[in-house]
Amino acid sequence: MNFHTNLNRLRFLLPIFLFTLGLGVHAQEYDLLLKGGHLIDTKNNINTPMDIGIQDGKIKSVSKSISEKKAEKTIDISGYFVTPGLIDMHVHVFMGNELDDYIANAQTSVMPDGFTFRSGVTTVVDAGSSGWRNFPLFKEQTIDKAKTRVLALLNIVGHGMKSRFDEQNLSDMNPEMTAYSITKLYPEILVGIKAAHYWGGFDQVDLAVEAGKKANVPVMVDFGEHDPPNSIESLFMEHLRPGDIFTHTYSYGPTQRETIVDENDKVKPFVFKAQERGIVFDVGHGGGAFSWRQAVPASQQGFKANVISTDLHTQSMNSGMKDLSNVLSKFMAMGFSLEDVIARATWAPAQVIGRTDLGHLDVGAEADIAVFSLREGDFGFLDVRRNTLKGKKKLETQLTLRAGKVVWDLNGMAGTDFSKK
114 MNFHTNLNRL RFLLPIFLFT LGLGVHAQEY DLLLKGGHLI DTKNNINTPM DIGIQDGKIK
174 SVSKSISEKK AEKTIDISGY FVTPGLIDMH VHVFMGNELD DYIANAQTSV MPDGFTFRSG
234 VTTVVDAGSS GWRNFPLFKE QTIDKAKTRV LALLNIVGHG MKSRFDEQNL SDMNPEMTAY
294 SITKLYPEIL VGIKAAHYWG GFDQVDLAVE AGKKANVPVM VDFGEHDPPN SIESLFMEHL
354 RPGDIFTHTY SYGPTQRETI VDENDKVKPF VFKAQERGIV FDVGHGGGAF SWRQAVPASQ
414 QGFKANVIST DLHTQSMNSG MKDLSNVLSK FMAMGFSLED VIARATWAPA QVIGRTDLGH
474 LDVGAEADIA VFSLREGDFG FLDVRRNTLK GKKKLETQLT LRAGKVVWDL NGMAGTDFSK
534 K
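First residue of the sequence shown? That's 114 in our numbering, and the numbers climb one at a time after it.
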């Protein structure tokens with residue numbers, strides 16, 4: 114009798130025990146806790162030490178103090194700066210094996226994951242490498258396989274940046290198909306339109322803007338390679354709309370591209386008016402489009418590009434550009450604050466491309482996060498003509514999280530101490 118009584122009691126208690134055990138295993142509120150870092154979040158006006166609790170790839174809590182007991186894993190980031198994952202609004206990542214081609218499906222472009230996370234970048238915007246004809250290949254080949262979030266501007270040229278000659282073909286510039294691809298086929302990826310490298314007048318820009326109106330997205334314009342240069346005042350005031358983007362803001366090649374700073378080192382008055390009108394100025398550093406003789410006097414006179422980006426490709430990454438954290442450091446060398454440069458690589462580009470789900474540390478947002486050290490010392494920063502500007506501070510990416518997962522860890526701060534095993 115006692116045996117059967119005890120057996121029945123065991124059958125009753127065992128499920129309760131297992132349920133209670135399960136509660137214990139899952140009692141922690143967070144998968145990961147980032148503790149003690151100094152947060153810089155422009156959207157939420159945060160510039161102070163705070164903790165971040167992460168659960169299921171999303172930010173669950175941002176608070177002055179979160180107990181380590183509530184997290185399965187805690188990373189101590191005291192003394193470091195914590196930001197939203199950076200958004201690089203101008204890259205070329207349509208890498209492929211067409212050896213004779215320029216950027217589209219070619220080896221001038223790079224695979225994103227090898228160059229993003231190490232500089233705190235979690236989202237990139239490919240700036241017109243593909244057009245509506247070859248975007249499906251780009252999506253299959255790169256976008257769908259990357260851990261980096263890859264968004265894109267669709268080139269107004271159907272074949273994208275296949276070659277400089279292809280980019281002159283007005284008959285391959287189709288506003289209807291471009292807009293259709295954006296609004297009907299890939300609205301979750303395509304965030305704008307690109308016009309670039311055109312040798313003629315305003316025809317290419319006007320076709321891109323026509324497509325932009327149909328799709329209700331911004332147009333980015335690379336307005337170089339005109340001989341003689343076309344008027345950027347006309348571009349800003351007569352052809353582009355508020356919200357459209359002028360890239361390579363600080364380029365210096367006056368025989369092919371009108372500059373924003375004149376030969377007397379003065380910012381042209383219409384440049385300020387264009388920015389007030391709503392034209393977005395993008396750095397787009399690149400391998401040939403960033404000059405101290407433009408950037409320094411412009412900054413001294415109060416003109417600042419809205420967005421800081423790299424124009425990442427094989428011809429820029431090993432030259433003066435290097436990566437986005439280096440470009441941000443260049444702007445600090447010109448007197449920009451840390452908060453200012455972070456804003457121009459997070460919340461500012463998120464707003465420009467209409468992706469306000471990105472670029473901030475809102476509770477509920479995907480946990481795309483970067484952790485930086487701010488090194489102090491004597492540093493030199495190159496422009497594309499190998500002129501050097503000295504600086505005292507330099508950002509270095511210590512840790513990058515993409516959707517709550519550590520994807521870059523420079524010094525093993527997220528690892529387990531081997532000596533304690």
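Glycine included, C-beta positions come from ideal geometry on N, C-alpha and C. Remember, it's a predicted structure, so these values are computed and weren't measured experimentally.
Q: Report the rounded CA-to-CA distance for D530 versus D189, giving the unit in angstroms.
A: Cα-Cα distance, rounded: 13 Å.
Q.
Give me the residue from A463, F194, G166, R390 with the minimum Cα distance to K183.
A. Measuring from the Cα of K183, the nearest candidate turns out to be G166.
Q: Enumerate in chain order the residues of its own chain whose CB-to-CB distance from Q317 is below 6 Å, with the five nearest sequence positions on each side excluded.
A: The residues are A308, Y311.
Q. How is the beta strand (DSSP E) around I482 delimited, first residue to last?
A. 482-495 is the extent of the beta strand (DSSP E) around I482.
**Q.** Those runs of the beta strand (DSSP E) which lie wholly inside the segment 157-222 and span at least 3 residues
**A.** Here the runs fully enclosed are 159-162, 164-168, 171-176, 184-189, 194-197, 199-204.
Q: Mark L283 as exposed unless 16 or more other C-beta atoms lie within 10 angstroms of its C-beta, in which case mark it buried.
A: So L283 ends up on the exposed side.
Q. Since D239 sits in a beta bridge, which residues does DSSP pair it with?
A. Answer is V204, A265.
Q.
Out of K186, I159, E142, which one is the CA nearest neighbour of K518?
A. Out of K186, I159, E142, K186 has the C-alpha closest to the C-alpha of K518.
**Q.** First and last residue of the uninterrupted beta strand (DSSP E) at Y293
**A.** Per DSSP, Y293 belongs to no beta strand (DSSP E); it is in the alpha helix (DSSP H), 288-293.
(Q) Spatial neighbours of K443 within its chain, please: C-beta separation below 6 Å, excluding the five flanking residues on both sides. (A) Non-local beta-carbon contacts of K443 in its own chain, meaning distances under 6 Å to residues more than five positions away in sequence, involve F494 in chain order.
Q: Express the C-alpha separation of R406 and D319 in angstroms, rounding to a whole number.
A: So the alpha carbons of these two residues sit roughly 30 Å apart.
Q. Whose C-alpha, out of T501, V476, L487, is nearest the C-alpha of A408?
A. Its Cα nearest to that of A408, the residue T501 stands out among T501, V476, L487.
Q.
Bridge partners for Y567 per DSSP, in chain order?
A. One cannot answer for residue 567 here, as it falls past the ends of the chain, which runs 114 to 534.
Q) Among the residues of its own chain, which have a CB less than 7 Å from the CB of S404, if the five just before and after it don't count? A) Beyond the five residues adjoining it in sequence on each side, S404 comes within less than 7 Å, by CB distance, of Y363, S364, Y365, D496, V497, R498 in the same chain, given in chain order.
(Q) Could you tell me the alpha carbon to alpha carbon distance between G401 and E376, rounded to whole angstroms? (A) Spanning the two alpha carbons is a distance of roughly 19 Å.
Q) For Q369 versus G337, is the C-beta distance shorter than 8 Å? A) Contact flag set, yes.
Q | Residue span of the beta strand (DSSP E) that contains I306, given as start and end | A | Under the DSSP assignment, I306 falls in the beta strand (DSSP E) whose first and last residues are 303-309.
Q: Have a look at V374, D378, G314 and flag the residue whose alpha-carbon is nearest the alpha-carbon of S347.
A: Looking only at V374, D378, G314, the smallest Cα-Cα distance to S347 is reached by G314.
Q.
Can you tell me which residues form a DSSP beta bridge with G504?
A. BP columns for G504 point to F492.
Q. Given that a residue counts as buried once 16 or more other Cβ atoms are within 10 Å of its Cβ, and exposed if not, what is T469?
A. It counts as exposed.
Q. Just how far apart, CA to CA, sit I539 and V223?
A. In this structure the chain extends from 114 to 534, so residue 539 is not present and cannot be described.
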